[in-house]
Amino acid sequence: MPPKQRSVYRCAECGAEHPKWGGRCESCGAWNTLVEEVVATKRRAGGQADRRSASPDGPPPVRLSEVSTGRLPRLHTGLTEFDYVLGGGLVPGSLVLIGGEPGVGKSTLLLQAAARLEGAGVRTLYATGEESVEQVRLRVDRIEEDAGPVLALAEVRVDAIIAQAAAVGARVLVVDSIQTTYTDDLDGAPGNVGQVRESAGRLMRFAKASGTTVVLVGHVTRGGMIAGPKTLEHMVDTVVYFEGELTSGFRVLRAVKNRFGSVDEVGIFEMTSAGLKPVANPSAMFVAGRAVESAGSAVTAMMEGSRPMLIEIQALAAKAGFGTPQRVATGLEHKRLAVLLAVLERRGGFPFHDLDVFVNVTGGVRLIEPASDLAVVAALVSSLSDHPLPADALFLGEVGLAGEIRPVAATDRRLAEAERLGFRRAFVSSRTRARAGVELVPLAHVTELAARIAA
Ligand code: TYD
Ligand code: MG
């Protein structure tokens, strides 16, 4: 857009400016001295005025090099696996979401963390909307940590929670759970999306303004995500999920978003009668006590974040009773099992079609990587042939639809973990290039499996 123009009238004698033409200069009184001048309209001045009217009332921009990171020292919860997953502890002023199914142990974990924080002199407020303070007290008696000094508050109104946290000078505020908090300013029952978001938003502003770390508990149901955690993921700094089969004692704490650390790191806990215990050496735990003498058991190494973890896979193939044979997989996707059985049947000539097949991943761990395919097929073939696999062998490989066995990522780290736990050989893809302290047994195709296993 071309700049707008207007005329002014300047006196040739004294230089005074007049908005209108006239015969005489109003400034010096001279006659017939006004000369027309065309000038651009005062867009600049107008622009400045606009900017002034929109002037921010918040803090001015700062150079990143001048930003102090003094607020960043982390608060250690003292639960090493929890701190590890958080990327080294809680960051002051951050908002952390802990999601998980009801009963998995979220409240227990946070009460233990609160006890340790309080013990280290970090004032911690545990706001509970799920349970009464008496119920929380009962949990205190069970856990090993001394949670006695932790401040508890049975409250569901988000503003009241914030006010109490500010009043007691909490450096860590636990809100258990975000689905129970609400504000009167919005319609709708606690737990609906609007309420959950608004509560989380207010808690986030409180966290950023006060430097208090706010930890939100969010329930996730087995059938899928409910209003809570998923809608909050983008708002919070860190999202951690607590998982595990409720029937088994193992719990996996997994970071899926972390503005202050890496994701996909996991911490392993065991739920005991005295609360959650970090498992420092999960591999040893998962492969301990396995039935080495019986057919159908294979060990593989899966990567949990950057950590390799050994786990046992058990398979049982049994004569089907009546009708369609059953295929039951625990800790493994049903579809993956179906694919692997089809590959064994068609490419390897192993007759599974009229057998019931059960596959179980021990410890309540869920297999997600194709790297464990070889262990699954080895366990299946072992069960079919009723021939136990070597007790000191690890199986590592992806199985393709043609029956070929492919190398997997991070082979070196997985093999090192196996070696550390006393494994002596590893069945791997013939295309694997790795330097390892264990003997490598190369396999190109599933057809070689039967002969190799028996050897
Ligand atoms: P909880 O922390 O209440 O789970 P969430 O807050 O995720 O719903 O834990 C519930 C389960 O943990 C419950 O079934 C009892 C069990 N538990 C133990 O086995 N040992 C313990 O020391 C505690 C405190 C709980
Ligand atoms: Mg709870």
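Count the sequence shown with this note's numbering and you get residues 18 to 472, in order.
Backbone N, C-alpha and C define an ideal beta-carbon position, used for all residues, glycine too.
Handout entry: Lys294: CB within 6 Å of a non-hydrogen atom of the ligand TYD
Key = Position 277 of the sequence shown holds residue 294. Outside the cutoff, so no.
Handout entry: Top-ranked residue by Cα proximity to Leu203, from Asp193, Gly218 and Lys225
Key = For the purposes of this step, residue 203 is taken as the residue at position 186 of the sequence shown. The shortest C-alpha separation from Leu203 is found at Gly218.
Practice task
Could you spell out the range, first to last residue, of the beta strand (DSSP E) harbouring His236?
Solution key: As a working note, residue 236 is residue 219 in the sequence shown. It spans Thr230 to His236 - the beta strand (DSSP E) in which His236 sits, taken as one unbroken run.
Practice task
Note down the Cα distance separating Glu287 from Leu293, rounded to an integer number of angstroms.
Solution key: Counting from one through the sequence shown, the residue named residue 287 turns up at place 270. Counting from one through the sequence shown, the residue named residue 293 turns up at place 276. Rounded to the nearest angstrom, the two C-alpha atoms are 5 Å apart.
Handout entry: Run of the beta strand (DSSP E) containing Gly116, from where it starts to where it stops
Key = Translated into the one-based positions of the sequence shown, residue 116 becomes position 99. Looking at the DSSP string, the run of the beta strand (DSSP E) that includes Gly116 is Leu112 to Gly117.
Handout entry: Candidates Ala334, Gly414 and Glu260, of which the one nearest Pro424 by Cα
Key = To locate residue 424, count along the sequence shown from 1; it is residue 407. Among Ala334, Gly414 and Glu260, the Cα nearest to that of Pro424 belongs to Gly414.
Exercise for the section: Output the distance between the C-alpha atoms of Pro299 and Val316, rounded to the nearest integer angstrom. Expected result: As a first step, residue 299 is located in the sequence shown; it is residue number 282 there, counting from the start. As a first step, residue 316 is located in the sequence shown; it is residue number 299 there, counting from the start. Each residue's alpha carbon lies about 13 Å from the other.
Problem - Closest by C-alpha distance to Gly46, when choosing among Pro109, Ala396, His35 and Val55 - result: In the sequence shown, counting from the first residue as 1, residue 46 sits at position 29. Of the candidates Pro109, Ala396, His35 and Val55, the one whose C-alpha sits nearest the C-alpha of Gly46 is His35.
Practice task
Starting from the Cα of Val257, find the closest Cα among Thr264, Lys247, Ser265 and Leu263 and give me that residue.
Solution key: As a position in the sequence shown, residue 257 is number 240, starting the count at 1. The candidate whose alpha carbon is nearest that of Val257 is Lys247.
Exercise for the section: Return the CA-CA distance between Ala137 and Pro407, expressed in angstroms with no decimal places. Expected result: Here residue 137 refers to the residue found at position 120 when the sequence shown is read from its first residue. Here residue 407 refers to the residue found at position 390 when the sequence shown is read from its first residue. Taking the straight line from one Cα to the other gives about 49 Å.
Problem - First and last residue of the uninterrupted alpha helix (DSSP H) at Phe303 - result: Taking the sequence shown and counting its residues from 1, one reaches residue 303 at position 286. Where Phe303 is concerned, the enclosing alpha helix (DSSP H) stretches over Pro299 to Val304.
Problem - Meets three-Cβ-pair contact criterion under 8 Å: the segment 137-148 and the segment 189-198 - result: yes
Problem - Counterpart residues of Met252 in DSSP-defined beta bridges - result: Along the sequence shown, one-based indexing puts residue 252 at 235. Answer is none; Met252 lacks a bridge partner.
Practice task
Check whether the Cβ of Gly116 sits closer than 6 Å to any heavy atom of the ligand TYD, and report yes or no.
Solution key: Here residue 116 is taken as the residue at index 99 of the sequence shown, counted from 1. The answer is no for Gly116.
Practice task
Look at the alpha carbon of Trp38 and the alpha carbon of Ser72, and state the distance between them as a whole number of angstroms.
Solution key: As a working note, residue 38 is residue 21 in the sequence shown. As a working note, residue 72 is residue 55 in the sequence shown. Each residue's Cα considered, the two are about 37 Å apart.
Handout entry: CB contact flag (Ile8, Ala392, <7 Å)
Key = Because the chain here runs from 18 to 472, residue 8 falls outside it and cannot be looked at.
Practice task
Check the DSSP bridge columns for Leu168 and list the partner residues they point to.
Solution key: Along the sequence shown, read from residue 1 onward, the residue named residue 168 stands at position 151. Looking at the DSSP assignment, Leu168 forms a beta bridge with Leu142.
Problem - C-alpha distance - Pro325 paired with Gln181, whole-angstrom precision - result: Against the sequence shown, residue 325 aligns to sequence position 308. Against the sequence shown, residue 181 aligns to sequence position 164. If I take the Cα positions, the gap works out to 43 Å.
Practice task
Grab me the residues of Ile178's own chain with a C-beta within less than 6 Å of its C-beta, minus the 5 sequence neighbours each way, in chain order.
Solution key: Residue numbering aside, residue 178 sits at position 161 when the sequence shown is read from its first letter. Cβ neighbours of Ile178 beyond the five flanking positions: Ala144 and Glu172.
Exercise for the section: Alpha carbon to alpha carbon, how far is Glu98 from Thr289? Give it in angstroms, no decimals. Expected result: As a position in the sequence shown, residue 289 is number 272, starting the count at 1. As a position in the sequence shown, residue 98 is number 81, starting the count at 1. In a straight line, the C-alpha of Thr289 is about 16 Å away from that of Glu98.
Handout entry: Residue from Leu357, Val374 and Thr200 whose Cα sits closest to the Cα of Ala334
Key = On the sequence shown, residue 334 is found 317 positions in, with the first residue counted as 1. Looking at the Cα atoms, Val374 is the closest of the given residues.
Problem - Simplified DSSP state of Gly292, which is helix, strand or coil - result: Taking the first residue of the sequence shown as 1, we reach residue 292 at position 275. Strand at Gly292.
Handout entry: His462 and Glu421 closer than 7 Å at C-beta
Key = Counting from one through the sequence shown, the residue named residue 462 turns up at place 445. Counting from one through the sequence shown, the residue named residue 421 turns up at place 404. Yes.
Handout entry: Nearest to Ser400 (by Cα), restricted to the options Leu457, Val360, Lys336 and Pro459
Key = In the sequence shown, counting from the first residue as 1, residue 400 sits at position 383. Closest option to Ser400, Cα to Cα, is Lys336.
Exercise for the section: Pick out whichever of Glu250, Thr200, Glu43 and Ala131 has its Cα sitting closest to the Cα of Leu112. Expected result: Stepping through the sequence shown from its first residue, residue 112 is reached at position 95. Comparing Cα positions, the closest option is Glu250.
Practice task
Pull every residue with its beta-carbon under 6 Å away from any heavy atom of the ligand MG, and keep them in chain order.
Solution key: Lys123, Ser124, Glu147 and Asp193
Exercise for the section: Can you tell me the Cβ-Cβ gap for Glu321 and Val102, rounded? I've got them flagged as a contact below 8 Å. Expected result: Position 304 of the sequence shown, counting from 1, holds the residue named residue 321. Position 85 of the sequence shown, counting from 1, holds the residue named residue 102. Contact doesn't hold; Cβ gap of about 10 Å is too wide.
Handout entry: Distance, Val296 Cα to Val394 Cα
Key = Residue numbering aside, residue 394 sits at position 377 when the sequence shown is read from its first letter. Residue numbering aside, residue 296 sits at position 279 when the sequence shown is read from its first letter. Roughly 29 Å separates the two Cα atoms.
Practice task
Since I believe Gly165 is in contact with Arg133 (beta carbons under 8 Å), could you give me their beta-carbon distance rounded to a whole number of angstroms?
Solution key: Numbered from 1 along the sequence shown, position 116 holds the residue referred to as residue 133. Numbered from 1 along the sequence shown, position 148 holds the residue referred to as residue 165. That belief does not hold up - the Cβ atoms of Arg133 and Gly165 are roughly 13 Å apart, past 8 Å.
Practice task
Please go through the same chain and pick out, in chain order, the residues whose beta-carbon is closer than 7 Å to the beta-carbon of Asn377, but skip the five residues on each side of it.
Solution key: Here residue 377 refers to the residue found at position 360 when the sequence shown is read from its first residue. If we look at Asn377 and ignore the five residues flanking it on each side, its Cβ neighbours are Gln331, Thr347 and Gly348.
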